[in-house]
Each structure stands twice: as C-alpha cells, then as structure tokens.
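There are 2 protein chains.
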Amino acid sequence: MTDTDIRPNETAVRLAPAGDAQLRFIGTIHTPWTDRKDCPRQGRHDGPICRLVLDPVWQPALTGLEAYPQIEVLYWLDRSRRDLVTQSPKSDGSITGTFALRSPVRPNPIGVSRVRLVGIDGPEVLVRGLDCLDGTPLIDIKPDRCAFSPQVPPKPGDTG
Amino acid sequence: MTDTDIRPNETAVRLAPAGDAQLRFIGTIHTPWTDRKDCPRQGRHDGPICRLVLDPVWQPALTGLEAYPQIEVLYWLDRSRRDLVTQSPKSDGSITGTFALRSPVRPNPIGVSRVRLVGIDGPEVLVRGLDCLDGTPLIDIKPDRCAFSPQVPPKPGDTG
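If you read the sequences in order, they're chains B and L.
The UniProt record's numbering puts the first sequence at residues 1 to 160.
The UniProt record's numbering puts the second sequence at residues 1 to 160.
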C-alpha cells in the first residue's frame, strides 16, 4: 500500500481499514510509463497517446462519447499510501495539506484527468493528456464538464 | 442501491459485487437539497453556499487550500444504481452510453464538481457550485487542475 517514506514535517494518521464503499475497476489504462520517476507530473494534451481498455461488458457504455473532444478520466492510484494529512513535496520541510495538493497520496487515491479524446476503437478509448503509470486501474469516464451540455431540460435548481 | 427504474431501451448488465478497492468517506456534504427532484442538474458558481464537513482527523489536510479560488470536490452518489450501460435521459427511447453522460448512474458513482471556494472554518469548507443531495458522503478535495501550479519542479515527462 505504501511507496513513499515520510519526509520531515509530514504527518500520518492512524486509520481503521477503509470500507465505506466499494469500487469496481472497469478496465485498465495503458501508458508509456512503467516507473513512477518517468511519469510526467501533469499530463499534456500534446503528450503521447494512451489507451483506456475497457472490460468488454462496458463497451456499449461508450455510445455517444465520440461527440466530446475532451473527457474526464478517473483512475485508482493503487500504489499510494493513504494516511498522510500533511506532505512536504519539495522535501524542504515546508508543509502543505493533502487536500491542497494533487498528489496521488491521499485518503482515497483517485486521479482525475481531463484528456483529449483521440478516438474510440471497440472497447478501447485513445486519449492524450494522462500522466499515470501503465497498468493503472480505470474507474470512470465522463464527458468533460466544460464541454458538456445536459441532454435534458434544466431542473428547478438550475435557474438562479 | 437503486433509485431509478429502467426506461425503454436502457440496458443493465449483471455484475458480481464490487470489491476491487475500498473507499473511506472523509466527511459529509451539506446542501439545501433533500430530494433528488430539487437538485440542480449542474451546479452554478452563483448557487447557494454548501458545506463540506470533514471528519476532524482530516482538518490539517486543508492547510494551504485557501490559496485556490476553485477546487474539485469528489463525492459518492450513494443512491445510484450501478449496472446501466446505456441510458435514455430524455425518456424518448434514444440511448446514450453511461460514459457519455454525467449522470449519477454509473458503475462507480463518483461525482466530480469544480466549485468556488468561499471560505474555510476549522474542519468545514464553504463552497458554491455543487448540485448534490444533502448528506452526500465526501471522498476527496483537490485544487482545481486549471488553477493548480505544482509546488515542485517538472519531471522528465513534463517537457515535450
């Protein structure tokens, strides 16, 4: 579960095992990066093509996704420790709260990336803009909120 | 687990129980909406103030968050069914894949909202822009990727 040692001034907390809700992995992400040190810190929209390979049962759930030039990808950062409340990413003794960082080290290590949709090929979605390791478990795909228009009329709370 | 009936042309799949990874709720979201029909379909940055109430153990993890005018909030849509691969949100028989919608009905019902940070008061974070029900479990807070500058130098993959 852990792949980082604690640096000076970082703080871990003791926690009971997580078990409030269960995730189901829906596929696997394939990227060029097999070692954490090679991953970019932030994905770039001119970065290499990465492949989201869905379990076949979910292939019909891609219907209509091709209309969106940008999509959000959620994935599970399965090698990250989950018990740090403060971190010192510069290793200089300064501290930052976990929720003020986009570090993979967080109580629920879910990565959220907005990526460019390059194409869809059967159960595979090709994108640019990811920064995660090859083999990262995929948990969701959504149209990007910036590009998204709901398919249905507004509800009462939508009007000011 | 389910709160919606299947409409014409919607497709559900049979799935084994989810259990690939476990979430830990970090707090609770308080909003003005206690019934799904009153929730806005999309949050607005001029919408009402909502409160993210953290479990006290996570309060130090907010250190530094005040610097970000926009934050991302992840939450668990605990009343949604998880087995639909296609949906018909207009109820007109047209179908759209689950991954081409931002519907709460999805294999891993995680909501991602970009919201305006209004203030931080101890373990409570005040925001505008949410659209979820009162009592929704909170799973993560991150600086918004658009506003975020990493605190550390680029890594090899960051340069083109």
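Virtual Cβ for every residue (Gly too), placed ideally from N, Cα, C.
Here the C-alpha atom of residue 38(B) lies approximately 31 Å from the C-alpha atom of residue 69(L).
Residues of chain L whose Cβ lies closer than 7 Å to the Cβ of residue 98(B) are, in chain order, 61. Per the C-alpha coordinates, the member of 118(L), 110(L), 30(L) and 63(L) positioned closest to residue 134(L) is 30(L).
Comparing C-alpha distances from residue 96(B) to each of 93(L), 64(L) and 89(L) shows the shortest one belongs to 64(L). Residues of chain B whose Cβ lies closer than 8 Å to the Cβ of residue 110(L) are, in chain order, 74, 110, 139 and 140.
In this structure, residue 43(L) and residue 131(L) form a Cβ contact; the two beta carbons are roughly 4 Å apart against a cut-off of 8 Å. Residue 39(L) reaches chain B at 155 and 157, counting residues in chain order whose Cβ is nearer than 8 Å. When C-beta distances to chain L are compared with 8 Å, the residues of the stretch 7–21 of chain B below that value are 11, 13, 15, 17, 18, 19, 20 and 21, in chain order.
Runs of the beta strand (DSSP E) lying entirely within the UniProt domain "TsaA-like" (23–153) of chain L, each at least 3 residues long, are 27–30, 49–54, 70–76, 84–87, 110–121, 124–128 and 136–143 in chain order. With 16 or more other Cβ atoms inside 10 Å of its own Cβ, residue 103(B) counts as buried.
Ranked by how close their Cα comes to the Cα of residue 66(L), the residues 158(L), 116(L) and 7(L) have 116(L) in first place.
Straight-line measurement puts the Cα of residue 120(B) at about 14 Å from the Cα of residue 55(B).
If you draw a straight line from the Cα of residue 89(B) to the Cα of residue 85(L), it is about 40 Å long. Within the same chain, and ignoring the five residues on either side of residue 53(B) in sequence, the residues whose Cβ sits closer than 7 Å to its Cβ are 27, 28, 30, 123 and 124. When the alpha-carbon of residue 40(B) is set against those of 129(B), 155(B), 138(B) and 142(B), the nearest one is in 129(B). Residue 144(L) places its beta carbon less than 8 Å from that of residue 114(L).
By the neighbour-count criterion, in which a residue is buried when 16 or more other Cβ atoms sit within 10 angstroms of its Cβ, residue 109(B) is buried.
The alpha carbon of residue 16(L) has as its nearest neighbour, out of 6(B), 24(B), 18(B) and 79(B), the alpha carbon of 24(B). Here residue 7(L) has 88 and 91 as same chain residues with Cβ atoms under 6 Å from its own Cβ, once five neighbours each way along the sequence are excluded.
Residue 86(B) reaches chain L at 60, 61 and 63, counting residues in chain order whose Cβ is nearer than 8 Å. For residue 57(B), the closest C-alpha among the options 13(L), 71(L) and 100(L) is that of 13(L).
With respect to residue 61(L), residue 98(B) sits close: the two C-beta atoms are nearer than 8 Å. With its beta carbon at least 8 Å from every one in chain B, residue 51(L) lies outside the interface.
Under the Cβ distance rule, residue 70(B) does not count among the residues neighbouring chain L, no pair being separated by less than 8 Å.
Residues of the stretch 115–135 of chain B with a C-beta less than 9 Å from any C-beta of chain L: 125 and 131, listed in chain order.
Across the structure, residue 20(L) and residue 82(L) are spaced so that their CA atoms are roughly 15 Å apart.
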